[in-house]
Each structure stands twice: as C-alpha cells, then as structure tokens.
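In what follows, a single structure is set out as structure tokens and then discussed.
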Amino acid sequence: MPLSCQLSERVSDQLEALLASFRSTTEQVTPHFYQTMPEAYFNDIDEESQRNHLKAIIAIEATGLPLELILRSENGLQYTFINDENYPGQLSRLVKQITHDLPLSSAKVYTASDGKFVLDVFDFAPQKPCDPQDPNQAQKIRKLLAHLETHEPDITCEMIEQHVRHCTAPYILKVSPHRICDDFRIVNALRGTNETQVQWVRLATPGEFRITIGVGNASQRALFERIASHLGQCHIDIRRAYLDNFDHGSGDVVSLFSFFVKTSEAGSSEMTERFWTELCHDLKRLNYVHDVTIQTAYAFDKVSLTQAEVLTALSHLIHQRLSKKNSLIFTRERILTGATRNLAIALKIVDLFLWRFSPTGEAVSFQPEAESLTAAIAHQVDNTDDRCILQTMLQAVGTTLKTNVYLANRAAFSLRCEPDWLMTEDRPQKPFGVFFVHGQQFDGFHVRFRDIARGGIRIVRPRGVEHHSLECERLYDEAYNLAYAQQLKNKDIPEGGAKGVLLIQPDASPDRCGKAYADALLDLITPDEPTRRWIKDYYGLQELLYLGPDENISTRLICWIVERARKRGYPQPTAFMSSKPGAGINHKAYGVTSEGVNVFLEYALRYRGINPRTQPFRVKMTGGPDGDVAGNEIRILQREFGDHVCFVGIADGSGCAEDPAGLDHGELLRLVEAELPITDFSPAKLSAEGRVIRLTDPDGVNARNTLHNRLVTDAFIPAGGRPQTINHNNWPHFLTPDGKPSSAVIVEGANLFITPEARLRLAEHGVIIVKDSSANKCGVVCSSFEIIANMLLQEAEFLAIKEQFVQEVLVKLRQLAGFEAETLFREHLHKPDVPLPELSTRLSNVIIRATDILSDRIPALRETDNELTRSIVEQHIPPILLKTAGHRLFTDIPETYLTIATASLLASKIVYREGIDYLEAMPPHSLAELAIRYVRQEQDTGRLIAQVRQSNLPDRERIAQLLEYGGTNAALRQIVTAGVNTQPVSS
Numbered sequence: 001m002p003l004s005c006q007l008s009e010r011v012s013d014q015l016e017a018l019l020a021s022f023r024s025t026t027e028q029v030t031p032h033f034y035q036t037m038p039e040a041y042f043n044d045i046d047e048e049s050q051r052n053h054l055k056a057i058i059a060i061e062a063t064g065l066p067l068e069l070i071l072r073s074e075n076g077l078q079y080t081f082i083n084d085e086n087y088p089g090q091l092s093r094l095v096k097q098i099t100h101d102l103p104l105s106s107a108k109v110y111t112a113s114d115g116k117f118v119l120d121v122f123d124f125a126p127q128k129p130c131d132p133q134d135p136n137q138a139q140k141i142r143k144l145l146a147h148l149e150t151h152e153p154d155i156t157c158e159m160i161e162q163h164v165r166h167c168t169a170p171y172i173l174k175v176s177p178h179r180i181c182d183d184f185r186i187v188n189a190l191r192g193t194n195e196t197q198v199q200w201v202r203l204a205t206p207g208e209f210r211i212t213i214g215v216g217n218a219s220q221r222a223l224f225e226r227i228a229s230h231l232g233q234c235h236i237d238i239r240r241a242y243l244d245n246f247d248h249g250s251g252d253v254v255s256l257f258s259f260f261v262k263t264s265e266a267g268s269s270e271m272t273e274r275f276w277t278e279l280c281h282d283l284k285r286l287n288y289v290h291d292v293t294i295q296t297a298y299a300f301d302k303v304s305l306t307q308a309e310v311l312t313a314l315s316h317l318i319h320q321r322l323s324k325k326n327s328l329i330f331t332r333e334r335i336l337t338g339a340t341r342n343l344a345i346a347l348k349i350v351d352l353f354l355w356r357f358s359p360t361g362e363a364v365s366f367q368p369e370a371e372s373l374t375a376a377i378a379h380q381v382d383n384t385d386d387r388c389i390l391q392t393m394l395q396a397v398g399t400t401l402k403t404n405v406y407l408a409n410r411a412a413f414s415l416r417c418e419p420d421w422l423m424t425e426d427r428p429q430k431p432f433g434v435f436f437v438h439g440q441q442f443d444g445f446h447v448r449f450r451d452i453a454r455g456g457i458r459i460v461r462p463r464g465v466e467h468h469s470l471e472c473e474r475l476y477d478e479a480y481n482l483a484y485a486q487q488l489k490n491k492d493i494p495e496g497g498a499k500g501v502l503l504i505q506p507d508a509s510p511d512r513c514g515k516a517y518a519d520a521l522l523d524l525i526t527p528d529e530p531t532r533r534w535i536k537d538y539y540g541l542q543e544l545l546y547l548g549p550d551e552n553i554s555t556r557l558i559c560w561i562v563e564r565a566r567k568r569g570y571p572q573p574t575a576f577m578s579s580k581p582g583a584g585i586n587h588k589a590y591g592v593t594s595e596g597v598n599v600f601l602e603y604a605l606r607y608r609g610i611n612p613r614t615q616p617f618r619v620k621m622t623g624g625p626d627g628d629v630a631g632n633e634i635r636i637l638q639r640e641f642g643d644h645v646c647f648v649g650i651a652d653g654s655g656c657a658e659d660p661a662g663l664d665h666g667e668l669l670r671l672v673e674a675e676l677p678i679t680d681f682s683p684a685k686l687s688a689e690g691r692v693i694r695l696t697d698p699d700g701v702n703a704r705n706t707l708h709n710r711l712v713t714d715a716f717i718p719a720g721g722r723p724q725t726i727n728h729n730n731w732p733h734f735l736t737p738d739g740k741p742s743s744a745v746i747v748e749g750a751n752l753f754i755t756p757e758a759r760l761r762l763a764e765h766g767v768i769i770v771k772d773s774s775a776n777k778c779g780v781v782c783s784s785f786e787i788i789a790n791m792l793l794q795e796a797e798f799l800a801i802k803e804q805f806v807q808e809v810l811v812k813l814r815q816l817a818g819f820e821a822e823t824l825f826r827e828h829l830h831k832p833d834v835p836l837p838e839l840s841t842r843l844s845n846v847i848i849r850a851t852d853i854l855s856d857r858i859p860a861l862r863e864t865d866n867e868l869t870r871s872i873v874e875q876h877i878p879p880i881l882l883k884t885a886g887h888r889l890f891t892d893i894p895e896t897y898l899t900i901a902t903a904s905l906l907a908s909k910i911v912y913r914e915g916i917d918y919l920e921a922m923p924p925h926s927l928a929e930l931a932i933r934y935v936r937q938e939q940d941t942g943r944l945i946a947q948v949r950q951s952n953l954p955d956r957e958r959i960a961q962l963l964e965y966g967g968t969n970a971a972l973r974q975i976v977t978a979g980v981n982t983q984p985v986s987s
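Residue numbers 1 to 987, in the numbering used here, belong to the letters of the sequence shown in order.
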C-alpha cells in the first residue's frame, strides 16, 4: 500500500476514535453539567460562555487529566477557573494566581451540587451601568418599584430611582427586587465611608448560610482574597460567591461581597451564635488590618485576629525606639519574630494591653502585672535581643494612655502614648502629645509640641520594597523633626507645631490610607458619646487637633476628612483640616507658602548684593511645576522679577530639565497651569545645550539626584524632595571643584531637605541658608487665618467674602515674611560669625518662650485692660473678616485660643522690632512686665507719630519713620532711667 494511503487510513482511524471518544464524553458530561450546576449559574452566565465552559470541560475530561483550567478572555480582562473539586481555601488560592492590577469589577463563583464542577469567573472590565431606557432593565425597574409599595415601606421610589443609577446593568437584570432592597440599605449606609457591615442568614438547606459583606471604598480584589482565605481558615466551604460594585462617582465605591457557604463536617458543631459573632467581628476587621496581622493570626493556633493586630502594632511601634539602638538587629520583621518566638509571654503582654483598656472592666492596676511579666521575661527568655524586645513591648503598654482597639468599626488601630517615651539623644525636645496609627498597608504618627497645635499630614509613597524599609526606620524621626520644625515656624500664630506622617506600602492608595489614618485619630479625640464609651482614657482631657495638607494629600481627601469630622461629632469640624477648596484657602491654588519663600529669597539675594528687580540672577530648584511650593514659586518668580530670573535647572520625581541659557518662561508656566511634571517640558523650547532627562533614561536617576549639586547658580530653592537629601555625608558635593558653593544662597521651601550639620558646614563655606522654619512658614500662617475665619463664619458667609479675604491674607503673609527676613539679616549683619539657620532657630525660640510666659499673664491683663488685649488681636485679623464678624471675635473663638493668640502676637511684634537679644535672656517676670509696658508705650508712640505726620515740620516723614523704628524702645529706656541720679557719688 502506498505511503500516502497508509497515512490517510491512520488519520481516518484516529479521527473516528477521537470523535467517538469526544461523543461519549460529551454525552456523559453535558447532562451531568446541566443537572448539577446551580440555577444561578444559568441565570447569570450567557449561553455562549456556558458552551465555552462546557467545551473546555469536555476536552479535559476526554483526556482523563485532572480538571484544572484557567480560561482568559481575548482582552485579558476576564479569568475563568474551572476545577473538579471544592474545598475550604480553594477560592483564595485561585485569586492569588491572578496577576491583574486593575480593580476587580465583578466576581462569580459556582459549585455543582455534587462538587464535581467549580467555576470561578473574575471580571476586571468595567461593567455596563444601569440604563433605564433599555426595555429589559426598564421592565425590571418597574417590578422593583411595584415591590416597594407592598413590601418595603421604609424605602421610597425616589431612593430606589437614585440608587439604580449607581448599579450595573447585569446586577439590575439578575438580582431579585427583594435582594436589591436589602442591598440598598447596606449601600446607603456605607456611602462616603470606609466602613464595613456584615450580615449572615441561615438558608433552607441545613448547614448552609449566606454571608453579605458591604464595604466602602475597599480594594476589591485584595479584600475578596482575604475574605475567601479567612472562610477557608475557619473550615467554611464557599459554594457560590458574588461581588457587585456601586459607583457613586468621585472615587466613592461601595462593594458588596456575597458568599453562599456550607460548613464542613469538622466545623458543623461549632456553628453556634458565639462562633458567628466572632466570625462577623473578624470579617469586619479584614479590610483594615495589616497583611502581617493576618499572617500571624493564621500561623499560630489560638491567636485571635485582635491579638495578632495588637501584637503587630506594638512591634511596629517599638521599632521606632529599638532601631535607634541597632537598626540591623531590630528591624520590624526581627522584632515580630522575636516576639512570636516567645509567644506565650508576648500574648500575655497583648492580653494585658486588652485588659488595661477594656471599657467594661474595672480600673486595672498595671504595675503588679507588669512586674510579674518583667520577672517572667528575665527568667524564661534566654536571648538577649528577645528580652529587649519583650521588655520594650511591655513598656509600650504602660506608656499608652488611650486606644481605639475596642471600637468595632475602627478603620485602623490607634493609640496615644506618653510623649517622652520615644525621646532619645536625637529627639531631645519633649512633645506635648504623640499618636500612633497602624492600619492596612500603612503606619503613621501624629506629633504635636503644644496642646493647641497645627501642622500638615504628609503621606510618604516609597518607590519599592527597599525604599519602604529605609523609610520605616525614620518614620517617627520624620514626624518628630517636621513637628519641631513646625513648632519653630508657628511662632507667629496661636497654634504650636504639629505634623502627621504616614508611610504607606508601595502599592497602597494614598487616599484610602489617609482616610483610615484621620478616622482613627478621630476615634481618640471626638467627644461623640457612642465612641467615648468604648475608650478607656487614662489621659482624661479633651484634645483638639488641627490638621493641614502636605505631600500627597488630595483635595478630595481634604473634603472627606472635614465631612467625616462633622459626621462624627467633632467640634468645629471645618477647623479640623485646612486648605479646603470651598470654605477654605487651598494652598496650591493661591501659592501661600511660595509667597513667603519668595520674600526670603529677595532679601537673601539683596544681602548678597543682587537686586532681583533690576539685575539678572540664576536659580535652580528641586520640586516640579506640578507641585505646590515649586510650581507656585516658578509662577511668583516670573511675576515679581520677570526676565531677570533665569531657571537653569529643575528636578522633580519624573526627572529633570536643565539649560544654561535658561528654561523658557512660557513653557514653564504652561507646565504649572497644566500641573505637569518637568519632563513634559518641550525639547523644542531648549537651547542647543539644554536637555530633558527622564528617570527611565540612561543615567536619568543620577542626573536628577545630582542636579542640585552640579549646576552653578546664584540661588538654590529646594521646593520638593525627601528629608536629609543634603546631609553630613554628602554636603561636600554641593561645592565646586575649587571649594566654592555651587549656590551662594539656599532658601528652604521644603522641610528638612538639609540636615543641621550639613547647614553648619555649608555656612562655614559662605552659603547663606534661610532655614525651612523661616522660609516656608507662610503656609501654616495662612491655615491659621483660615481656621479663625471658620470659627467665626458660616460657609455661605465665608464664600461671600472669600476673594477679598484671601487677598488680604496674602498681604499679611508677605508682611510677616518681610518682618522676619529683615530681622534675621539685620541680626546676621551684626553677628556675621553666627550662621543664619542658628539665628532663625534662636529667633523662633525667643518668640515661643515669650509666648509661653505671656500666656500666663494675658488673662489678668484682659481683666485690667481689655481694650489693650482686644486691640492686639484685632490688628492681626484681616480687615474684611473684622468688618464681617468682628462682633463675634471674642465670643465665638475659645478663650484659650485668644489668650495664646494675644501672647504670640505681642511676642513676635517685640522680637521683630527689637531683635533677638532684647528678650532672649530676660527672666520670665521681667519679660512679662516689659512686654506689657512695651505695647502700651507703642500706642503712645503711635499717637506721637500721628502728630508728627500732621505737623508742618519739613522733615516730618523722616522723623515719623525714625519714631516707628526706635521710638518705643527709646521711650522705655527713658522710663527706666528717669529719676536716677547719674552724678558721681562723692567720696
């Protein structure tokens, strides 16, 4: 037989055998598939997809291989897993296999009645929204409205008509009217929140239940995986599951997870009310706990999720103390490992924490229990490092004053600790208060140096895992140092310095973490009684925090925080967060921080012999045109100095642009207006020597990171960048090869960009450095004006005067920056050997000390001379606000706030006028007396100045200026020496 005939016969035989095999398998599998798959599968899944699933199953069954399939749609946005068995934990394992980083828009899980087929369908494509014009959907909506009339008296037609606009078309078509109404109640309660609701019901089949979990603004895929994993950990078998999202716009999404579950044989006897109470508690917490918390709870028997959360939180807290001893030994991971290596004692420490703060228990005598645990650690723990870890953890329990651990709906774990517990040689100043917040994908601190204090929230977004580990070690240091810098810069306002810093994981959402952080702080400070009853407070005094925006804080987050404070009963919620877009002054929109930076820059350049209004000067910057301080400084430099300013180079997070001929002004303004990074600078606008370098370009990272050192300019403005960029190790890089500084002037628009030692070394090489606490103070001063307005005005009143109010605030900001700049450079002229940053710190400390001293005297002064104290405050208030709400100034603003405001205004007025030495060494009693005499004499001097200006003297204006400059001081000296016999004493 010819070869071709043999081949043809073989093909024919194989084809017949395969067809027979597939026919047989098809005849067996198809009816079984339709008989055992749940009705919901056929209602939810279209017929074409059903056929595709069936074909895949038949193909595998015909081969005799295990049924383990992954089907991926052509667009890559749908994954279908098909398996031949179901078991607790399987769903979690499958979700882990999906590498898609898009939000999970839909999930459906179906299990055959005999367990032979399990289909899991995950969709990442956006679901079609509900369309009431579609005939099928319109018919379903009519049925839904009819259902309301007879079965749902608490839900109106208007409510449901509004609700369906946020539903998807598949949801409306597939879900029953009764279920839509049940879901509506959950969704409506969770709109605009990060909260969670959990419900469960028994189904008709014994051992089967439906669990519904509603969550506001969750990471859907991560939470789906966590829930599936936790149910598997509890030996609960998931038979069906659904995920539906309800998008209300502006990032407000409520997700509903529905699980139809069956208890395993081993777990059936445990399905008691107590079991379900504990399960629902844990399911509610899953969206808010750290990955390490879950891993710890699952790794050890009898460790509850709450115990694991407290253990993880305490480990992260004490890391900020122990890393100062040895950062290599005491990493976060090694601290937790050391604790779990001695799990019995570690859990006793955790239980002591829970016992101490139980809201229903009696007051706990902590010391005897702590002494017992201290002895146990000493006798039972051999490893020296482990002993140190456990002892420090025990100390952390003792230093905690209050915690939100017993609040069921907390968005994160938070506590307030004794402010001196984290003090070290590097942190010598004692804060007034320290809060620690630990949540899913973030840790954060809030540090303040006065009871009434103000400062922004900064969200640190590391580039990767290694960068995150580095930032972990200095998290508290950053919060502490920023708060202390804020304390120095807040000298002009009633509030002391504060700062909040969150370190989030590289893949975390800044807005979600920021919401959890703010909500956890509110847990500890709101006077709302339903919250207070769950918090045992060993501090015992009401606390008010005043927050503001810093890095990575969106306008949307600002608005959410203010609204959340209002919802949770926080007093004066609009004062909780500044820079609101409506009833506030948005820092970026009005460039308030940069206005002050520019004033200091002009003074520094003039001090160096450059008049920027008439002479050209060259500048380099860090921070891009899309940033707040940098973008506005680019705009203000051009507004004030025009073509005299030459931008030689700018670096930001995207890369850098540099041009020795100067970057084109118009192109820079285009980037500022469009909020684009520097690497969007058009190459066509460069000179032949100019270049734009992205981080992804060869040597791009190095070019960006060295720009501030390489380029030689008259001035350098760090208006963005991480703390300690210039430090004790690398400051020589700022010098040129001949040892001269690459810029003779540095004005620190960004906080902590240069370390104290680096400032000192650069000053020794002739650099004039305007320290951050001076240069960028106007942002927080603006926030203070905003909050005063919020205390006095309703939103409509504020909006009616906003534009004039903002312009008057900007004038005051420039004046305050000018007062300090003039004082500092006058002092430096007389003390050229003292670095300008040291003078800046001394000036702040003198004003702060004087404010503290005067605060004790102001109440008595108000009793004897109320008109004087009123005039001090009224001079500070922008005119339009005084005109609109001056009659409420001394009734609507808290008396304590007014007292500190009067003291700080008086102290700063004297120091700016007379210099640092005038009050620096004066004893407290003498200082208070002198300050009061000073302000009274100033009023008299003002009367004399007015008389001179109204006179006919030929040099009346010059005389008036001299009286303004030194008349008050001269008059006080005359008062002191009046009547003293100055004749020599006869022998």
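Glycine included, every Cβ here is placed at the ideal spot set by N, Cα and C.
Specify whether the segment 508-518 and the segment 431-447 touch according to this definition: at least 3 beta carbon pairs, one from each stretch, less than 8 Å apart.
-> yes
Mapping DSSP to helix, strand and coil, what is A169?
-> helix
Contact check, T296 vs T312 under 8 Å by CB: the rounded distance?
-> 6 Å
Are P835 and R759 closer than 8 Å when you measure CB to CB?
-> yes
From the DSSP output, in three-state form, read off L91 for me.
-> helix
Does DSSP put W534 in a helix, a strand or coil?
-> coil
Less than 7 Å between the CB of N730 and some heavy atom of the ligand MN, yes or no?
-> Inclusion of the ligand MN in the displayed structure is not the case, the ligand content being empty and no account of it being possible.
Is the beta carbon of I457 sitting closer than 8 Å to the one on G496?
-> no
Tell me where the beta strand (DSSP E) around I585 begins and ends.
-> Per DSSP, I585 belongs to no beta strand (DSSP E) and is neither H nor E.
Start and end of the alpha helix (DSSP H) containing V692?
-> Not the alpha helix (DSSP H): V692 falls in the beta strand (DSSP E), residues R691 to R694.
Cβ-based neighbour list, G267, same chain, cut-off 8 Å, excluding 5 preceding and 5 following | In this predicted model, G267 has a pLDDT of only 46, less than 50, meaning its place in the structure is not dependable; the value taken from the coordinates is given anyway. The answer, listed in chain order, is C234, H235 and I236.
Distance, Cα to Cα, V692 vs C656?
-> 6 Å
Rounded separation between P984 and D492 - CA only | Unreliable placement is indicated for P984, whose pLDDT of 43 sits below 50; the coordinate value is still reported in the next sentence. Roughly 45 Å separates the two Cα atoms.
Quick one: measure Cβ to Cβ for R239 and V254, integer angstroms, because I've assumed they're closer than 8 Å.
-> Actually they do not touch by this definition, with Cβ atoms about 24 Å apart.
Within 8 Å, strictly: CB atoms of L401 and C417 | yes
Just confirm the distance between the C-beta atoms of I893 and I788, as a whole number of angstroms; I'd bet it's less than 8 Å.
-> 7 Å
Just how far apart, CA to CA, sit E689 and G653?
-> 22 Å
What is the rounded straight-line gap between the Cα of L314 and the Cα of M393?
-> 6 Å
Is T400 helix, strand or coil when you go by DSSP?
-> strand
Beta-carbon gap between L669 and R710 smaller than 8 Å = no
Please say whether V780 and G455 have beta carbons closer to each other than 8 Å?
-> yes
Alpha carbon to alpha carbon, how far is T293 from D523? Give it in angstroms, no decimals.
-> 21 Å
6 Å CB neighbourhood of P677 in its chain, flanking five on each side removed | G624, D626, D652 and S654
DSSP on E195, reduced to helix/strand/coil?
-> coil
Give me the Cα-Cα distance between D852 and R427, rounded to the nearest whole angstrom.
-> 21 Å
Can we say the segment 581-588 touches the segment 610-619, given the rule of at least three CB pairs closer than 8 Å?
-> no
Range covered by the alpha helix (DSSP H) that runs through A903 = E895 to E914
Contacts around L102, its chain only, beta-carbon distance under 7 Å, and the 5 residues preceding and following it disregarded = F124
Give the DSSP bridge partners of W200, in chain order.
-> I211
Compare the C-alpha of E640 against each of G609, E658 and L601 and name the closest.
-> L601
In chain order, which continuous runs of the alpha helix (DSSP H) of length 4 or greater are located wholly inside the segment 447-532?
-> 465-473, 475-489, 510-525 and 529-532
Alpha carbon to alpha carbon, how far is V619 from D664? Give it in angstroms, no decimals.
-> 13 Å
Taking just the CA atoms, how far does E48 sit from E74?
-> 14 Å
Can you pull the DSSP bridge partners for H644?
-> Beta-bridge pairing links H644 to no other residue.
Answer with buried or exposed for R958, where buried requires no fewer than 16 other C-beta atoms within 10 angstroms of its C-beta.
-> exposed
E265 to E208, Cα distance in whole Å?
-> Any reading at E265 must be qualified, since the residue scores a pLDDT of 49, below 50, and its modelled position is unreliable; no value is offered.
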